[in-house]
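K.L.:
Handing you this structure, nothing more for now.
Number of protein chains: 2
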Amino acid sequence: MFKKILVSEDFQDTNKGIVNALESRLQVDCIIQEELYCDNTFNRFKTAIAEGTPYELLITDLSFKEGPITRKLTSGQELIKEVRQIDPSINIIVNSMVDDPVEINTLFTEQKINGYVCKGRNGLNELITAIHEVDQNRTYVSPQINLKKANTVFELDEYDLIILKDLADGFTKKEISEKLKKKNVSPNSESTIDKKVSRLFDQFEARNTHHLIAKLIKQGKI
Amino acid sequence: MFKKILVSEDFQDTNKGIVNALESRLQVDCIIQEELYCDNTFNRFKTAIAEGTPYELLITDLSFKEGPITRKLTSGQELIKEVRQIDPSINIIVNSMVDDPVEINTLFTEQKINGYVCKGRNGLNELITAIHEVDQNRTYVSPQINLKKANTVFELDEYDLIILKDLADGFTKKEISEKLKKKNVSPNSESTIDKKVSRLFDQFEARNTHHLIAKLIKQGKI
DNA sequence: CGCCACCTTACGGAAATCTGTAAAGTATAT
DNA sequence: ATATACTTTACAGATTTCCGTAAGGTGGCG
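Top line first, the protein sequences correspond to chains A and B. Per numbering that gives the first Met the number 0, the first sequence runs over residues 0 to 221. Per numbering that gives the first Met the number 0, the second sequence runs over residues 0 to 221.
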């Protein structure tokens, strides 16, 4: 079983909840340490390697609030990427409230994480299970997550909705294009998004994006 | 100090984190109980009153995920409303990630909550502080929340409405400027319209015109 | 009157939208 | 295989938005 674990989670209550559970439910000789900031996590991680006592397991959230400290790493995804670069063999379990299969699938295929636990009423129990599974060189995914859905192609309407909702939330088409690429959703070029929205102008007789969004929200379609 | 506390929070890790902290940092003779569902919280609450041993403090989250069980109460807000109806004197502290001053202010003015703790890197410490404050009959709000912002309601005057409605109808700022000139409404320069809308970005925390229009329509202000 | 705060307007540059054209890729039917 | 229709993508330009600076106008106040 793992002897050295690092927990990266910015909410103090959750952080303590995880650490307490690990301390009481794992073997006594396991060192469990915690960080509230991605940057601190990464530094501690590097230091441990330099000192010849590397961590064996990283448990991290994905979303980290802004704080008083200027940050280099602002998300769990970025943290994982950096960590993987300097230690490809480290075990990583993500513990987050994200439940989008597409996004989670990307973590497994690209970031090579070993487990994904979706926060919820059984999250802590699942996390313990995940640790044991990962320790046995198996992967773990919360049962309520259906990764198969990640591979199903979006219907046109659903695709349009993603774009329109993001536009209504103030994202630019370039940003939306980048978000789609990160989620491995295709098509995802700015040009295609442009065309899709232009076609919606015709369809809904809108003069421009402002008009289109206003119409659709008033119609309750977004 | 409170002798009987009920914690309502659907994420198991967070729930345990809170309960563990309370158990170790409050007096030993305090009964702390926990629930993962609003409905269960409410039932336990009613039962305690019926048995003549009511809770003195309720600590609750606002957002509760859907689960396998059909729910009557689906949010902390609904829970608080029901609880207040049968026990107007119960102390309530909300522990949530919501950071919108308007929303939090409503909890104090309408639901008469006694404390609000915003989840974050210091959330658990703040929660302990909040409990002590509420015990002394004072209210508590996380320091990063500026409730004053909640009271500065931004009224849209008639001039703002003309511009916003025209934007939502797909007119460009140049067109709106021309329309105003034709109607002999002043000010009417494109530049002034620009400034007006930019100020509305700040006031309503919108990233761009799409975002602003979407927000205002959703709020029913246009 | 001069000073100050605020509003209006002009202007310019960077970024984003809107529109058209064209090339490349995909799937289907013959 | 080839033709066809459709989708995706790149690119280019004209227009519009976004944001900063600065100049002029207006009204309050000692």
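For every residue, glycine included, the Cβ atom is placed at its ideal position computed from N, Cα and C.
Does glutamine 202/B pass the burial test, meaning 16 or more other C-beta atoms within 10 Å, or should it be called exposed?
P.N.:
exposed
K.L.:
How about asparagine 94/A and phenylalanine 1/A: are their beta carbons less than 9 Å apart?
P.N.:
It is not a contact, given that the beta carbons lie outside the stated cut-off.
K.L.:
Can you confirm whether glycine 16/A, when its beta carbon is compared against all beta carbons of chain B, has any partner nearer than 9 Å?
P.N.:
So, interface residue.
K.L.:
For threonine 59/A, list the residues DSSP reports as bridge partners.
P.N.:
DSSP lists Ser7/A, Val93/A as the beta-bridge partner residues of threonine 59/A.
K.L.:
Of the residues Leu123/A, Leu166/A, Thr59/A, which one's Cα is nearest the Cα of leucine 106/A?
P.N.:
Thr59/A
K.L.:
If you pair each beta-carbon of the segment 139 to 148 of chain A with each one of the segment 96 to 116 of chain A, do three or more pairs fall below 8 Å?
P.N.:
At 8 Å Cβ cutoff, the stretches touch.
K.L.:
Would you mind giving the Cβ-Cβ distance between aspartate 165/A and isoleucine 175/A, rounded to the nearest angstrom? I have them listed as a contact below 8 Å.
P.N.:
Right, their Cβ atoms sit about 5 Å apart.
K.L.:
List the endpoints of the continuous alpha helix (DSSP H) containing glutamate 177/A.
P.N.:
172 to 181
K.L.:
At the level of alpha carbons, what is the spacing between glutamate 33/A and valine 18/A?
P.N.:
7 Å
K.L.:
Taking Cβ-Cβ distances below 8 Å as the criterion, which residues of the segment 158 to 169 of chain B are in contact with chain A?
P.N.:
Sequence-ordered contacts of the segment 158 to 169 of chain B with chain A read Leu166, Ala167, Asp168, Gly169 [C-beta pairs closer than 8 Å].
K.L.:
If we count the other Cβ atoms within 10 Å of its Cβ and call it buried at 16 or more, is threonine 40/A buried or exposed?
P.N.:
buried
K.L.:
If you draw a straight line from the C-alpha of leucine 211/A to the C-alpha of isoleucine 212/B, how long is it?
P.N.:
11 Å
K.L.:
Just tell me which of Leu179/B, Pro67/B, Asn124/B, Leu146/B has its CA closest to the CA of leucine 25/B.
P.N.:
Asn124/B
K.L.:
How far does the alpha helix (DSSP H) with glutamate 132/B in it reach, from first residue to last?
P.N.:
Segment 122 to 134, the alpha helix (DSSP H) holding glutamate 132/B.
K.L.:
If I follow the unbroken alpha helix (DSSP H) through glutamine 202/B, where does it start and stop?
P.N.:
Glutamine 202/B -> alpha helix (DSSP H) spans 189 to 203.
K.L.:
With H, G and I counted as helix, E and B as strand and the rest as coil, what does DSSP make of cysteine 29/B?
P.N.:
coil
K.L.:
Could you check what DSSP says for glutamate 154/B in three-state terms: helix, strand or coil?
P.N.:
coil
K.L.:
In terms of DSSP beta bridges, what is glutamate 34/A paired with?
P.N.:
Ser7/A
K.L.:
Where serine 23/A and proline 100/B are concerned, what is the direct C-alpha to C-alpha distance, given to the nearest angstrom?
P.N.:
One alpha carbon belongs to serine 23/A, the other to proline 100/B, and they sit about 38 Å apart.
K.L.:
Buried or exposed for valine 196/A, going by 16 or more other Cβ atoms inside 10 Å?
P.N.:
buried
K.L.:
Looking at the unbroken alpha helix (DSSP H) that takes in valine 82/A, where does it start and where does it end?
P.N.:
Where valine 82/A is concerned, the enclosing alpha helix (DSSP H) stretches over 75 to 85.
K.L.:
For a test of the three-state rule: what should DSSP assign to glycine 16/A, helix, strand or coil?
P.N.:
helix
K.L.:
Please check if any C-beta of chain B sits within less than 9 Å of the C-beta of lysine 220/A.
P.N.:
It does not; no Cβ of chain B falls within 9 Å.
K.L.:
Within its chain, find whatever has a CB closer than 7 Å to the CB of lysine 172/A; leave out the 5 residues flanking it on each side and keep chain order.
P.N.:
Glu189, Ile192, Asp193
K.L.:
Comparing the C-beta of aspartate 12/A with each C-beta of chain B, is any distance below 9 Å?
P.N.:
yes
K.L.:
What first and last residue would you give for the alpha helix (DSSP H) that runs through valine 184/B?
P.N.:
Where valine 184/B is concerned, there is no enclosing alpha helix (DSSP H), given that its DSSP letter is neither H nor E.
K.L.:
My understanding is that phenylalanine 63/B touches tyrosine 36/B, with C-beta atoms under 8 Å, so please give their C-beta distance in whole angstroms.
P.N.:
7 Å
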